[in-house]
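> Okay, handing you the structure first.
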Amino acid sequence: MTLKKLTFGLGAAAMMASVTAVDVAVAADQLFIPGLVYRTGAYAPNGVPFANGFKDYITLINERDGGVNGVKLVYEECETGYNTKVGVECYEKMKSKNPVVVIPNSTGITYQLIPKTAVDKIPLLTIGYGRTSAAVGSVFPWVFNYPATYWSQATAVIRYIGNQAGGMDKLKGQKIAHIYHNSAYGKEANPTLKVLAKKYGFKLTLLAVDHPGQEQKATWLQIRRKKPNWIFMSGWGVMNQVAIKEAAANNFPMDHFIGNWWSGSENDVVPAGMGANGYKSATFHPAGSDTKMHADMRKHVYAKGLGAGKESRIGEVLYLRGMINHALVVEAISRAQKKYSVKVPNGDQMRWSFENLTMKDADWKRLGLTGFPNIDVTCNDHEGAKGVLFQQWDAKNKKWNSVSDWVPVMRDIVRPMMEADAAKYAKENNITPRNCS
Amino acid sequence: MFYREAGQLKSSYAGDEAIFPIVQDRWAMAVLLLFVFGVLPFIGTEYFYQAILIPVMVYSVAAIGLNLLTGYCGQLSLGTGAFMAVGAVACFKLATAFPEMNLIIVFVLSGLVAAGTGLLFGIPSLRIKGFYLAVATLAAQFFLSWLFNKVTWFQNYAPSGTITMPPREVFGFVITGAHASAEARFVFCAIVVTILALAAKNIVRGPIGRSWMAIRDQDIAAELIGYRPFQTKLMAFSVSSFYVGFAGAMAFALWLGSVETAEAFDINQSFQILFMIIIGGLGSILGSFLGAAFIVLMPIILTNVFVGIFDMQAVTAKHIEFIVFGGLIIFFLIVEPQGMARLWQLTKEKLRSWPFPY
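Listed in order, the protein sequences are those of chains F and Z.
Counting from 65, one number per residue, gives the positions in the first sequence under our numbering.
Counting from 3, one number per residue, gives the positions in the second sequence under our numbering.
The following block contains the structure:
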């Protein structure tokens, strides 16, 4: 009985405590950035380096520059486990602290938050993921998905395959398989691929892999049967490494196996060892661990023992993407501060800043990065996609090497599809598109 | 002292058959309802409604649904998530295909569609029992999940397979879509939950409920005294699926706003609701509420305590939460295997003699 009473007492106390719990107070002169990250669950291996990049970049700005133009950044993580329901709970929790931006870190959560952020007036930054048609800024003024979307990426991948095959006309009769994560994320590329298959006359096989992607025997049986010339993969988490291992076990030519940019990190290829050698993936930025940004990170964060992860892992692709996300946020904050002469920009001011966030070589260089794509968004085009880069895994030196120039996307195909999809969304949800001309 | 029923004599059949035969219970219920409808809509924050109250109510309805089937009729089901998905998809299709249709009708029809589906998947229960039936309902879970993923008609051909609830109003209040205020959604939820819970309570204490319990306790004996297993079991499946489907429609339209059916209503969802009724109490409407509240609130409370008070890292808090949550479930099952509803009953019995137990 006593144990029972004690537990109930403790339980009741905890309940009371949590109700009165005051979260980290955000002072009026601080910039609050929430981090919807996942360090647990089936996707944690990919989520952890990303989350570390997020956190470390905030630390870097606070340590090196003393904040953005003197205003300190406050960062708080909320663990989503890549689960959309938890993600929504996190968003509701973070919303009350006036975040300058929300980065949902998952396509599923993005879909949930698109209608909410528009009402709450918080910019939603989804770099390289999320809803493709949200690039239509007249219908989705609060969503930004530069530098490129899944649909643009799919066109670049097909163009790259065409170039490798010796010309787009050589695609006719080729067999291309798309192995995708059976979720909103994985399916994104399918409509574009179908259109391209019709246009260029290649045979498209769509193969879904269910969450979490450990079990792919049936998928690879199909591959053995259909014998595709090329495989394109939209995977995430453990699915990628399993697929790459299966491809190696099936003796599939690795340089004909191309992942999308979420299937091209060290975590995906290292487990397959030498078998992964030659595997390719798309990417929207050059890989590297020797940029000035990395050097600053080592000097100002890791040398002081403030790093979120291990110093040996800061060269990873996903870590870099985490940093890029927050680098763009910081850039947007500082431009909004300048334009409106405020310390803490509000939602509308941040939205202006994201919508006018042109990034040229010089801007990237200032941030400590070279070879990055120009970002050029307009009121109606929140994507501004130009091209996609391809990289290849060198298993011996454990390094990604660029194997292409910027392969241009087929904007003429993708943009009308986006506009049609956005128009459908606007109609279903009674949204009047704003005038962007 | 306060909780005495001495002197409360029943002078009519109606009084004898009341849901709350004790005056104090009736008062407590009245105060609770007054609090829910008169006070709660004015004091909460958006987080409180959106992350705590609405999910608890949605899951309560789902748990009542599963409890009718598993707790009252004794048919173990692992397809709850799938039937929620049916409700959600039906709600989406109806709301987008008939924009003028009243949302209440949309919800009821969604429930009915789920009831029909449940009826279909309940047919194997006539031949197989217990764990074998659980496996058969598992087939429903995977089949329906696959179907909604594969056939894009169910999502109006959305390229991502995500369904989004369009904005709709009821009696002039916008209650779905992003512009709906949390208060309006909460009040609508509360009304719906009250009606559904009252209906469920009356079903289980009437002839239908008694026939279910007869089947649960000893199906051969029930058959011998004249209950037909075919009608009784299928009735349980369809009523249960109606509730679960309704909960799915609520989860989609009132709580989440947009869902990816295969992800939001997966097998884990089925297990979660099963845990709710096991912890809350099998064969108890109150238990469904307690179980839903426990499973929804406990992780949130634990996280808020660890992160908010002890200032822990979010990920460490999550890991500790897993441990504590699992421990608590085991603790509850050892201390009170019949669930929290039984605990509440014991408390009431103690209260009767309080403060002089001897």
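Ideal placement from N, C-alpha and C gives every residue a C-beta, glycine not left out.
Computed from a predicted model, the values in this text were never measured in an experiment.
Note down, in chain order, all residues in the stretch 409-433 of chain F with a beta-carbon under 8 Å from any beta-carbon belonging to chain Z.
Legend: CB atoms of the stretch 409-433 of chain F lying less than 8 Å from CB atoms of chain Z are not found in any residue.
> Taking all protein chains shown into account, do 16 or more other C-beta atoms lie within 10 angstroms of the C-beta of residue 229 of chain Z, making it buried, or fewer, making it exposed?
buried
> Tell me where the alpha helix (DSSP H) around residue 455 of chain F begins and ends.
It is not in any alpha helix (DSSP H) - residue 455 of chain F instead sits in the beta strand (DSSP E) that spans 451-458.
> Report yes or no: is there a C-beta of chain Z within less than 7 Å of the C-beta of residue 259 of chain F?
no
> Three-state secondary structure (DSSP) at residue 279 of chain F?
coil
> Going by DSSP, what residue range makes up the alpha helix (DSSP H) through residue 241 of chain F?
No alpha helix (DSSP H) holds residue 241 of chain F; the beta strand (DSSP E) holding it covers 239-245.
> Count the other CB atoms within 10 Å of the CB of residue 155 of chain Z; is the residue buried (16 or more) or exposed (fewer)?
exposed
> Mind listing the chain F neighbours of residue 35 of chain Z? Cutoff is C-beta to C-beta under 8 Å, in chain order.
Those do not exist, as residue 35 of chain Z stays about 22 Å from chain F at its closest Cβ, beyond 8 Å.
> Residue 110 of chain Z and residue 96 of chain Z - do their beta-carbons sit closer together than 7 Å?
At least 7 Å separates the beta-carbon of residue 96 of chain Z from that of residue 110 of chain Z.
> Would a check of beta-carbon distances place residue 163 of chain Z closer than 7 Å to chain F?
yes
> Contact defined as beta carbons within less than 8 Å: I believe residue 276 of chain Z pairs with residue 35 of chain Z. What is the distance between those atoms, to the nearest angstrom?
About 29 Å separates the two Cβ atoms, so there is no contact after all.
> Taking residue 247 of chain Z as part of the alpha helix (DSSP H), name the residues at either end of that continuous run.
231-252
> Taking Cβ-Cβ distances shorter than 7 Å, what residues in chain F pair up with residue 169 of chain Z?
493, 494
> Using a C-beta to C-beta distance shorter than 7 Å, which residues of chain Z count as neighbours of residue 176 of chain F?
258, 259, 260
> State yes or no: is the beta carbon of residue 265 of chain Z nearer than 7 Å to at least one beta carbon in chain F?
Chain F contact via Cβ: present.
> Kindly list the residues whose CB is nearer than 7 Å to the CB of residue 96 of chain F, restricted to its own chain and excluding five residues on each side of it in sequence; keep chain order.
90, 138, 161, 162, 163, 164
> Assign residue 85 of chain F to one of three DSSP states: helix, strand, or coil.
With a pLDDT of only 46 at residue 85 of chain F, under 50, the local geometry of the prediction cannot be trusted, and no value is derived from it.
> Comparing alpha-carbon positions, which option in F/242, F/407, F/222, F/255 lies nearest residue 197 of chain F?
Comparing Cα positions, the closest option is F/255.
> What residues from the stretch 177-202 of chain Z come within 7 Å of chain F, judged by C-beta to C-beta, listed N to C?
Within the stretch 177-202 of chain Z, those residues whose Cβ lies closer than 7 Å to any Cβ of chain F are, in chain order, 179, 180, 181.
> Using a C-beta cutoff of 7 Å, does residue 49 of chain Z count as contacting chain F?
yes
> What does the Cβ neighbour count give for residue 113 of chain Z, buried or exposed, with the cut at 16 atoms within 10 Å?
buried
> Establish whether the CB of residue 320 of chain Z and some CB of chain F are separated by less than 7 Å.
yes
> Pull the bridge partners of residue 298 of chain F from the DSSP assignment, please.
Bridge partners of residue 298 of chain F: F/244.
> Starting from the beta carbon of residue 166 of chain Z, find every residue of chain F whose beta carbon is closer than 8 Å, and list them in chain order.
175, 179, 489, 492, 493
> Between the C-alpha atoms of residue 40 of chain Z and residue 185 of chain Z, what's the straight-line distance to the nearest angstrom?
12 Å
> Between residue 418 of chain F and the rest of its own chain, which residues show a CB-CB distance below 6 Å, the 5 nearest in sequence each way excluded?
187, 208, 396
> In this structure, does DSSP put residue 378 of chain F in helix, strand or coil?
Here residue 378 of chain F sits in coil by DSSP.
> Could you please give me the residues that DSSP links to residue 464 of chain F through a beta bridge?
F/457
> If the cut-off is 9 Å on Cβ atoms, which residues from the stretch 183-214 of chain F count as contacting chain Z, listed in chain order?
If the cut-off is 9 Å between Cβ atoms, the stretch 183-214 of chain F has 183, 184, 195, 196, 197 near chain Z.
> Is DSSP giving residue 319 of chain Z helix, strand or coil here?
DSSP places residue 319 of chain Z in helix when its eight states are reduced to three.
> Leaving out the 5 sequence neighbours to the left and right, which residues in its chain are closer than 8 Å to residue 331 of chain F when beta-carbon positions are compared?
109, 110, 113, 304, 305, 380, 382
> Is it the case that the Cβ atoms of residue 76 of chain Z and residue 240 of chain Z are separated by a distance below 7 Å?
no
> Between F/266, F/357, F/333, F/178, which lies nearest to residue 242 of chain F when the distance is taken from Cα to Cα?
F/266
> Expressed to the nearest angstrom, what Euclidean distance is found between the alpha-carbon atoms of residue 360 of chain F and residue 438 of chain F?
23 Å
> Using a Cβ-Cβ cut-off of less than 9 Å, list which residues of the stretch 129-144 of chain F approach chain Z; keep chain order.
140, 141, 142, 143
> Looking at chain Z, which residues of the stretch 148-159 of chain F have a Cβ within less than 8 Å of any of its Cβ atoms?
148, 149, 152, 153, 156, 157, 159
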